[in-house]
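So the sequence shown is numbered by this note's numbering: it starts at 32 and just counts up by one.
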Amino acid sequence: YLRNCLESTDGFTWVNQAVGAGFLQAYCDCSPRFADLVPEDYKMIEELIRDILPRYLVYRSVIEAVASALKKIERGPQRQRVESSKVREYWIKYAQLAQERIRVVEQAVESKGKHMTCDNVKVRFFRPIHQRNELTTLDCISVKGLATRRAYVVAQDV
Numbered sequence: 032y033l034r035n036c037l038e039s040t041d042g043f044t045w046v047n048q049a050v051g052a053g054f055l056q057a058y059c060d061c062s063p064r065f066a067d068l069v070p071e072d073y074k075m076i077e078e079l080i081r082d083i084l085p086r087y088l089v090y091r092s093v094i095e096a097v098a099s100a101l102k103k104i105e106r107g108p109q110r111q112r113v114e115s116s117k118v119r120e121y122w123i124k125y126a127q128l129a130q131e132r133i134r135v136v137e138q139a140v141e142s143k144g145k146h147m148t149c150d151n152v153k154v155r156f157f158r159p160i161h162q163r164n165e166l167t168t169l170d171c172i173s174v175k176g177l178a179t180r181r182a183y184v185v186a187q188d189v
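Structure follows, in structure tokens:
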């Protein structure tokens with residue numbers, strides 16, 4: 032049931048709510064019993080951590096919920112349970128991916144409001160945020176809140 036809900040039309044909402052409600056902790060707590068499942072049921076359980084949940088680690092709110100859950104898992108007995116279970120390999124990969132994404136979010140929070148340059152090699156100049164408008168929008172900034180990766184404006188075009 033839960034697997035189907037996570038894959039429904041608005042999976043993001045389901046994943047965010049499930050993680051916030053303690054799904055990852057429960058997954059870890061139940062993991063020692065996964066070896067007792069019939070192959071079809073085990074496959075669904077494995078797919079959750081191997082394929083489905085990692086797809087949602089692109090959403091900041093999911094990453095923040097996962098960060099909170101992973102802290103709780105680290106402090107409790109769940110980590111040892113899941114890392115000695117049948118899903119050990121997939122759990123470790125998921126946790127590593129989550130930690131990478133958590134670091135990205137933390138860096139974004141730390142650099143918010145600071146003068147940053149773009150890593151895009153096509154960008155030839157940079158204007159402070161308060162001077163930008165639609166005419167000077169580069170690949171690395173947004174046009175009316177929508178991210179763009181299309182054409183860029185060079186200094187002589189302004």
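For glycine and all other residues, C-beta sits at the position ideal for the given N, C-alpha and C.
What distance in whole Å lies between the Cβ atoms of residue j and residue i, which are believed to be in contact at a cut-off of 8 Å?
i: A100; j: L55; result: 4 Å
i: I80; j: Y125; result: 5 Å
i: V50; j: V93; result: 7 Å
i: S142; j: F65; result: Not confirmed; about 40 Å, so no contact.
i: E71; j: Y121; result: Not a contact, Cβ separation roughly 17 Å.
i: L88; j: A129; result: 6 Å
Does DSSP classify residue i as helix, strand or coil?
i: S116; result: coil
i: D72; result: helix
i: V89; result: coil
i: P63; result: helix
i: G53; result: coil
i: E137; result: helix
i: R163; result: Residue confidence for R163 is low, a pLDDT of 46 falling below 50, so the modelled location carries little weight; the figure read from the coordinates is stated next. Looking at R163 - three-state DSSP - the assignment turns out to be coil, as it is neither helix nor strand.
i: K143; result: coil
When burial is assigned at 16 or more other CB atoms within 10 Å of the CB, is residue i buried or exposed?
i: N47; result: buried
i: V113; result: buried
i: V140; result: exposed
i: A57; result: exposed
i: Q109; result: buried
i: A96; result: buried
i: R132; result: buried
i: V118; result: buried
i: I123; result: exposed
i: H161; result: With a pLDDT of 48 at H161, under the threshold of 50, the modelled position of this residue cannot be trusted, and the question is left open.
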